[in-house]
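Read left to right, the sequence shown gives residues -7 to 284 (our numbering).
Read through the structure below, which is laid out as structure tokens, and then see the notes.
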Amino acid sequence: MSWALRRKLVGWACMAPYLAFFLVFIVVPIIVSAWLALVQLDLANVGASRFVGLQNFQDAFADQFFWMAAGATLQYVVLFVPSVIVVGMVLGLGMHAMRRGREAVRALVYLPSMLNVAAAGILWQWFFNNEFGLFNSLLKRAGLPAVPWLTEAALAMPSICLMSLWWTVGGTAVLVLAGLQQIPRMYFEAAALDGATSTGVFRLITLPLLKPVLLFIFVTTTIASFQMFGQAMILTGGGPAFATRGMVQFMYETAFNGFRFGYGASISWLLFAGILAFSLIQARVLRSQMEA
């Protein structure tokens, strides 16, 4: 056996465990989901399941609850994505300007991101509680009326966005800080010699050189936002009046509570198509801006 062949065999042997897990947990579920989206499944008698083609997708487009879930998801994306980018940018710039204590502040900022969604959601349930929650207690001490954070339809989604911002902005801030630290200092020194103002330096040097990092944050945050599930499930259960029930929660409840697995699978594919289209549009627009 030649050395080149042995090297290939060793490479495939090292890749085999990952490929096996990828096949079992990624490829097979995708194939099963595609099959489910095209059939009407009878769990009591799988043999009686019948092929319905695109009927599940047609049912989704005709379902008002599907459009309510899509609207709630879009509202979350529109509120959350700009907020996490702006706040993460501010925190990253602030840490980058620090001369002492940067490591401690970075650890504290990133600490909430280490919590899972269940722990963060339970904590913020107490913060938002109408009767004895932290926020309303502070408002009462200040002589202000209590706010129905999670029980008012108009406030529920912004409240969930606030919780998500606290939970995830640390990772964004650390990425921005890493991007800022990769910018060569000679650019800033040359700008200082030319008498550029801090605003001009940020607009003409910092922001253009930080665009690749911001593009990555923008696309990944948008994809994650479309898949919002745990925050609303824990804090509101999708209420009030389905105001915070996103697409993933609607898909979960349809499939596992309503036992309409074909319909739930079709919703997952529609969500995938929406995420893919949105991500491609974002990437193209931002890439054209970067090249301009």
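Glycine included, every Cβ here is placed at the ideal spot set by N, Cα and C.
Note that the structure is a prediction, hence the values are computed from the model and not measured.
- In the three-state scheme derived from DSSP, where H, G and I count as helix and E and B as strand, V31 is classed as strand.
- The alpha helix (DSSP H) runs lying completely inside the segment 225 to 252 and spanning 4 residues or more are 239 to 244, given in chain order.
- Beta-carbon to beta-carbon, L227 and Q117 are separated by about 6 Å, close enough to satisfy the 8 Å threshold.
- Contact between the segment 241 to 258 and the segment 95 to 111 is absent, with fewer than three C-beta pairs closer than 8 Å.
- Note that the C-beta distance between S151 and F120 is below 8 Å.
- Shown here for G171: same chain residues with a beta carbon closer than 6 Å to its own, the five before and five after excluded, namely L202 and V205 in chain order.
- For R92, the three-state secondary structure derived from DSSP is coil.
- Secondary structure of F124 (DSSP, three-state): coil.
- Put simply, the backbone Cα of Q219 is about 39 Å away from that of R177.
- A distance below 8 Å separates the beta carbons of I209 and T164.
- Exclusion of the five residues before and after L147 leaves V139, P140 and W141 as the residues of its chain whose Cβ lies within less than 8 Å of its Cβ.
- Cα atoms of L46 and F58: separation of roughly 16 Å, rounded to the nearest angstrom.
- Taking a contact to require three or more Cβ pairs closer than 8 Å, the segment 175 to 192 and the segment 129 to 137 do not qualify as touching.
- In this structure, I215 lies away from S280, with their beta-carbon atoms at least 8 Å apart.
- A straight-line Cα-Cα distance of about 43 Å links G125 and N48.
- In the displayed model, F119 falls within a helix according to three-state DSSP.
- Taking C-beta atoms as the reference points, Y68 and M7 fail to come closer than 8 Å.
- Only exposed fits L196, as fewer than 16 other CB atoms lie within 10 angstroms of its CB.
- The Cβ-Cβ distance between V211 and A275 falls below 8 Å.
- If you ignore the 5 residues before and after C153, its C-beta comes within less than 7 Å of the C-beta of Y68, L71, F72 and S75, all in its own chain and listed in chain order.
- With respect to V44, L30 sits close: the two C-beta atoms are nearer than 8 Å.
- Just measuring C-alpha positions, the residue of I259, S25 and V277 sitting nearest F53 is I259.
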